[in-house]
Structure formats: C-alpha cells, structure tokens
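First up is the structure itself, then whatever we jot down about it.
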Amino acid sequence: MRETAFREDLGRRCADQLTQLLELRPDVAAATPVDLDQLARLLSSRASLHSALQSLNRPQLDVLERAAVLGNHTLVPASDDDRLRSTVHDVLHAMALIHPVPTDPSAPWVLSPAVADALGRYPAGLGRPLSELSALRADSTEQITPSDLDLDHLPGRTAEILANFRTHPVGTVREAHRSPVQDDPLQRPIDWLLARKLLVPIDPHHVEMPREVGLALRGGDLWDSDPGMPVAPEGRAVNPRIRDNAAQSAVLELVRDLKRLRAELSLRPLTVLQSGGVGVRERRRLAAALDLPQDRVDRLLGHAYAAGLVEAQERTGNWTSSSAPFESLHVADAHGVVLAAWWNSQVLPSAVGTHGADGAVVAPLTRAVETPEAPGIRLAVSLAVVHADQVSPEAAWAVATATWMRPRLAPVLTRYTSGLLTELADLGLTGAGAAAPALGELVHSGPHAASAVIAQHVPAAVETVTVQNDHTAVAAGPLSPSAAAELALVADPEGRGAADTFRFSVTSLQRALEHGYDAAALTQLLEHRLGGAIPQSLVHLVDEALRTHGALRIQDAQQVVTGRADLVEALAHAPELDRYQILRPSPEVLILKTPESPRHVPLKRDPLRTALLSAAERAGVQPTVGSTTARTPVTGITGDLGELLMLFTPAAPAAEVLDPDHLRTVATRLAQAEQEGTDG
Numbered sequence: 117m118r119e120t121a122f123r124e125d126l127g128r129r130c131a132d133q134l135t136q137l138l139e140l141r142p143d144v145a146a147a148t149p150v151d152l153d154q155l156a157r158l159l160s161s162r163a164s165l166h167s168a169l170q171s172l173n174r175p176q177l178d179v180l181e182r183a184a185v186l187g188n189h190t191l192v193p194a195s196d197d198d199r200l201r202s203t204v205h206d207v208l209h210a211m212a213l214i215h216p217v218p219t220d221p222s223a224p225w226v227l228s229p230a231v232a233d234a235l236g237r238y239p240a241g242l243g244r245p246l247s248e249l250s251a252l253r254a255d256s257t258e259q260i261t262p263s264d265l266d267l268d269h270l271p272g273r274t275a276e277i278l279a280n281f282r283t284h285p286v287g288t289v290r291e292a293h294r295s296p297v298q299d300d301p302l303q304r305p306i307d308w309l310l311a312r313k314l315l316v317p318i319d320p321h322h323v324e325m326p327r328e329v330g331l332a333l334r335g336g337d338l339w340d341s342d343p344g345m346p347v348a349p350e351g352r353a354v355n356p357r358i359r360d361n362a363a364q365s366a367v368l369e370l371v372r373d374l375k376r377l378r379a380e381l382s383l384r385p386l387t388v389l390q391s392g393g394v395g396v397r398e399r400r401r402l403a404a405a406l407d408l409p410q411d412r413v414d415r416l417l418g419h420a421y422a423a424g425l426v427e428a429q430e431r432t433g434n435w436t437s438s439s440a441p442f443e444s445l446h447v448a449d450a451h452g453v454v455l456a457a458w459w460n461s462q463v464l465p466s467a468v469g470t471h472g473a474d475g476a477v478v479a480p481l482t483r484a485v486e487t488p489e490a491p492g493i494r495l496a497v498s499l500a501v502v503h504a505d506q507v508s509p510e511a512a513w514a515v516a517t518a519t520w521m522r523p524r525l526a527p528v529l530t531r532y533t534s535g536l537l538t539e540l541a542d543l544g545l546t547g548a549g550a551a552a553p554a555l556g557e558l559v560h561s562g563p564h565a566a567s568a569v570i571a572q573h574v575p576a577a578v579e580t581v582t583v584q585n586d587h588t589a590v591a592a593g594p595l596s597p598s599a600a601a602e603l604a605l606v607a608d609p610e611g612r613g614a615a616d617t618f619r620f621s622v623t624s625l626q627r628a629l630e631h632g633y634d635a636a637a638l639t640q641l642l643e644h645r646l647g648g649a650i651p652q653s654l655v656h657l658v659d660e661a662l663r664t665h666g667a668l669r670i671q672d673a674q675q676v677v678t679g680r681a682d683l684v685e686a687l688a689h690a691p692e693l694d695r696y697q698i699l700r701p702s703p704e705v706l707i708l709k710t711p712e713s714p715r716h717v718p719l720k721r722d723p724l725r726t727a728l729l730s731a732a733e734r735a736g737v738q739p740t741v742g743s744t745t746a747r748t749p750v751t752g753i754t755g756d757l758g759e760l761l762m763l764f765t766p767a768a769p770a771a772e773v774l775d776p777d778h779l780r781t782v783a784t785r786l787a788q789a790e791q792e793g794t795d796g
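In the numbering used here, the protein residues as written are 117 to 796.
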C-alpha cells in the first residue's frame, strides 16, 4: 500500500520537482532512470537511502527517527505557525524520504518505503520494542513494563548501569541467559534488571535495553522542542583584513610548495616499502629537502595525490611527479585544480599520522587516507566554520556543530574535524581561523564559484624579480609560469611565506649551463628576469660559473657514444632516441640514460659518486654533477576550470559530479514518460 502511494507521489511531480529530487539524490541521477518505476526502486535502495540519510541535519533526521520509533511510520503534521518543521517536511519530501497519504488526512506524511529499515536497528540510539525482544526466546516469566517501576528512584547501582545504555542499547554481560536473582539489587544489580525486563538477553553474551525503557529514561521525548541551529561561538571577530591577507598567503604558499614538491620528486622519487606505502625515513628526507614541517609535507602529498600531481612508477612503484602541466598554470588556476579535486575526493590529507579503523597508523599515498564519507565530512565542517560568523572556532565547538549539520557522520567527524580545520587553512578557505568569503561560495555553489572568488584576491602575475646585494631575488607578486620556471633554473628557491624568493650561486648558474645555455643566452635570461642590467655582484658570480663550468664533470650514464662531431650530432637527433635523456658534454661525446632512472642519486646511496666527489675536492676542483641538457620551456595555460581539470587524472572522487543539463534532461524524460503512460 505504501509502495503504491509512494509511486503515485512521484507521478504527481513535474519536471522541475523531479530535477530538484535528482539534485538532492545525485547517486540516483547517476544511474539515469528511464521511468518512474525504476526511479522508485533506486530511491528505495539501501545504498541510496544510506547516502541520503548522511546528508540530513539534526532536525531533519529527528523527524524520521521520531516516526520510526513511535510506530506506524507516521510523521507529526506541521502546524501553520511551525515554520521550522514545515521547512523540514518540505526538504524530506523533496528528497522522497517521506510522501503524503491522500486517503488519510490525519496523517499527511509517512515514511517512504525502506526508510525505516535504512535508519538501522537502533534509531535514535534506542533498542527494539520489548515485545520483539521477548519473542527472541520463550519465557513464561511475568513481564514488568517500565510504567510499573519508578525509574527515577531505582535501587542500588541499577540506575548507574542503565545510564550506560542511554546512547547505545546493547551491552556485554557474562552468562546473559542465566536465571537471574530477582530481589538483590545491591549485590546483584544486573540480575535485578534482567528479572524485570529492563535489560533483555539477546545472546549468551549480550543484553539489550528495550525501547520503552529508553524512552522512559529520557523523559518520553527524545527530540528537542527547539532544534534550531547551534549558537555561534563567542569571541572577538577576526579582522577582515587580517583574515583575507592570511587566506591569500596560504593560497600562494600551497601552490608554490606543491610545485617544489613535484620538482623534488621528479629528481628523487619517493621509494616505497616492500610492504607498501612510504616509510618514515623517506618522508623525513622529503621534509628536509623542502625545509618544511613533516605534517605539512604529509598533507602536501595528500593534496598532490588527490589532484593527480604525483603517480607511482609502473616498474618500481616509487612515487614521482606526474606529467600533468601543473607548472604551466597561473596561481589561481593551479589552486582551483587542487581545490576542486580536494572537494570531490575521498582523500583526507590530514588523516596521515592518525589511527585508521584497524588501529594502524595511516601512511601517505595509501588507500588508508581515503574514506567514502570524506565529501560529507568536509561539507559539515565547512558549514560549521561558516556558521561561526567570522569568529575563529575551537575544535570542540566545530565538532559539535558539524555533528548537528550531519549527525549520521558523528563518529568520523569526531576523528577528522581537527585535521580538516587545518586543511581549510592550507587551502586559504580560512584566514586566522575565520571563514574566508571563498568558503561560503564553496559550500553553497561549489568549487568553481569558490575558485572565481579566490582569483579576484590573488595578485596579478609578475615577470621580474629584484636582486639584493646578498644574491637573493624577491618577486613582488606571484611569478608567471614561464618566469618561475626560468628562475628555478638559474637560482635556488628558498625562504617561506607568500613571496617567491630565490638565491643565485655558482652551482645554480651552472645548472643553466648544463641545460644548454651559453654565456650570451644566460646573460639574456638574467637581464629579462631582472628587468634591466645585471648588478655587478651578480656579474662576478656569472663569470665564476662560466670559468669553472665543465672543468670536471661527474655524470651517470648507461651508454656513452664518442666519435666525429657531425656523426654524434646526427645521432643525437635520431627519432629512435627520443625516449632517452641525452647529454652533450662536448661535441664528440653523447651520454644516454633512460627516463625512469633517477637524474640524481643521493650521495649516501652511491659509494662511487661519493668517492669521486672526495677525490675532486682533494684535487681542489668543484665538479659539475650531471644533469640533462634538454630544455623544457614552460608556457602559461589558461582556460575555464572545467577545461583545466580535464588535463589532470585525480584520485577517484567519492561521487560523480553531474552536469546540470544531464539532470534536467533525465527529469524531463521521466515526466514525459509518465504523462504518455497516463494519456495511454
């Protein structure tokens, strides 16, 4: 009967109402139902209902649990002046979790099929009815109902024991099926409760508190009479200028650190353990190379994994930078790619170092950093921070408020909220702990709208840097992709903060020479990126680099070719060698390496190279440590965020992001099919 009424309710919905339903139940929309019968089956499936219930807030879930607990699956009608309850009913009906019963005006709303079962065996933390529990075993003992007892004045420790069952009705008791001693509450409190059916055995080791007892202990009504939004936290509001400056700096730092991470992994991939995952030693090495705190580097690996900025090598399984053109994106676009991947992904970068469900410590770049509930957790915490109204919330308040936003996610919210607050700060969605304008756009309109807001606050890209007397160079804003690539070639990044800072040295300038620059090209590059004449102090550094370059060279090689210069030149341009790294230390010498081999091996792992460096130092020569001569010019890539995301292969998202046009098309087809069936 209820299935028929549910199907009829779906048939009365117009195309706009069906579109709204599919927006609220995206997993159903992804299945692309062809008619309302299939739509009804999908809406009543356990997986779809589980996802829908996780998206409900506290008042919405309370309405469903009340109907399931009090019986008949009937909802309390909304009065004209009860705006909150009326709004809740409208949302639940739009989600097809409740539907009207035209034949029963006294109960205008009932639970849709399978909703009560999806709420679980213990809705609202209450046990099953006493009649259902008693039917589990034959028992002729006279049953005592809770109304026969004064639950406010229970003897001995019985009240304390029952209090342990208030939030979860099942507990462990030894020999639960024993014949209880009925009248010794002081010495045998468990027996006293068992004898009076205040606790009922369900197997030899467990007991359950009946639903009637739970309702009586909680005063008969589990639901707050005023289930409104939690009150915003008290405290001084964060200054908007301080908030925006901190958020902007976080955006610039995140993009810069991810690019540095990719550069380091392209030279020295992270070695994986035989048991899988990246070990502590490798993580520490990476943190030292980037000069960043360990927890920051672990989160960077999580963001890079989620956005497809790193990948495992096919042969070794070691983690290196992917071929995605991240360095070719301007700061705002690069941040938008990371933000969109993070928002839709199952990956929780801050989960590294915590304990997983199996008790093991979560390692980066493993499946342990993924959880299907990740998007729902992010949304709940983000809504809580936005609700804080420019006050930086404490973690405890954020957990409580996020739990109100998504009560079915309470266990994972308790575990992950603190880390998610850190992730929001990393992404520039909060500044000084308070919600930035982009966070509100993110929760209400999605990552594309949030990225547009962030782009408005990111400074325009610059092409030049200013050189100091100590050979450091500072950019007045975020560098363009081409400027950043060229400066990273001739100088070493250093320092922290939002500003890009580099330091020139003989070694860094020789790196450009190793990439095929001669004296004239190097001078031209420096004049271009310094915006004018090269300072005299830097001229001396360039002269020293030119003078000492190539005096002694140490280079890894797999094949070495020597011969006439013209023949070596022709061989270097042969298409058969396109897949190899080619080095030309002189016109008569050609060195080849496969791309999979690391371009630089840590000294402590290469005894031969260590010996060569020691010998060169004893001879008073600073050798050039090999690099590739291949130039890889970087040009900026621009476009819509949706187009840019197609250039990346992120970790699998938790749910498919559906096109609004697809939703409208499916809804229109469903409405037309129903109309044709009715007319027929």
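Where is the CB? At the ideal position from N, CA and C, for every residue including glycine. All values reported here derive from a predicted model rather than from experimental measurement.
Cβ-heavy atom distance between residue i and the ligand SAM below 7 Å?
i    : result
V485 : Inclusion of the ligand SAM in the displayed structure is not the case, the ligand content being empty and no account of it being possible.
Using DSSP with H/G/I as helix, E/B as strand and the rest coil, what is residue i?
i    : result
H471 : strand
N460 : helix
V367 : helix
A380 : The sequence given here has Glu at residue 380, not Ala. Correct three-state label for E380: helix.
A146 : helix
T781 : helix
H847 : The chain is shown only over 117 to 796; residue 847 falls outside these bounds and no answer can be derived.
A450 : helix
V507 : coil
L310 : helix
L641 : helix
H215 : strand
P305 : helix
I358 : helix
P769 : strand
S702 : strand
A746 : Because the pLDDT of A746 is 45, which lies under 50, any placement of that residue in the model is unreliable, and the question is left without a value.
L270 : coil
Could you say which of the options lies nearest to residue i if we only look at CA atoms?
i    : options                : result
P701 : G632, P769, L683, D682 : G632
V179 : Q136, A240, C130       : A240
L595 : P245, R128, V447       : V447
P229 : S247, H209, R244, G243 : H209
S391 : A514, G433, R412, A420 : G433
R273 : V286, A251, D307, L242 : D307
P346 : A518, G424, R129       : A518
Q626 : D659, G648, V468, A484 : D659
L603 : V705, E630, L642       : L642
R327 : R282, E276, M762, H656 : R282
S438 : A661, L158, A423       : A423
L501 : P491, E489, V515       : First, the amino acid is wrong: residue 501 is Val here, not Leu. When each option's Cα is compared against that of V501, the closest is V515.
H321 : D300, K313, V289, R334 : V289
R128 : P216, A420, A183, V453 : P216
What are the start and end residues of the beta strand (DSSP E) that includes residue i?
i    : result
T288 : 286-288
A279 : Premise fails: A279 lies in the alpha helix (DSSP H), 274-279, not in any beta strand (DSSP E).
E427 : 426-428
Q298 : Run containing Q298: none; DSSP gives neither H nor E here.
I166 : This sequence places His at residue 166; Ile is not what is there. It is not in any beta strand (DSSP E) - H166 instead sits in the alpha helix (DSSP H) that spans 162-170.
E324 : 322-324
L227 : 225-227
V658 : Segment 652-664 is the alpha helix (DSSP H) holding V658; no beta strand (DSSP E) there.
Under the DSSP definition of a beta bridge, which residues are partnered with residue i?
i    : result
K709 : Q697
A550 : G547
Q674 : Q674 pairs with nothing; no bridge assigned.
D206 : Per DSSP, none; premise fails for D206.
D319 : H322
Which residues bound the alpha helix (DSSP H) around residue i?
i    : result
P527 : 526-542
R179 : Position check: residue 179 holds Val in this sequence, whereas Arg was assumed. Taken as a continuous stretch (DSSP letters only), the alpha helix (DSSP H) holding V179 covers 174-186.
D756 : Segment: none, D756 is in no alpha helix (DSSP H) and carries neither H nor E.
S250 : 246-250
R237 : No alpha helix (DSSP H) holds R237; DSSP gives it neither H nor E.
Going along the chain, which unbroken runs of the beta strand (DSSP E) with 3 or more residues stay wholly within the stretch 566-629? As far as the stretch 566-629 is concerned, its whole beta strand (DSSP E) runs of at least 3 residues are 588-590, 617-619.
Every unbroken alpha helix (DSSP H) within the stretch 479-507, with a cutoff of 4 residues, ordered by chain: Whole alpha helix (DSSP H) segments, 4+ residues: 490-503.
Note down, one range per segment and in chain order, each beta strand (DSSP E) of at least 3 residues found wholly within the stretch 387-437. As far as the stretch 387-437 is concerned, its whole beta strand (DSSP E) runs of at least 3 residues are 426-428, 435-437.
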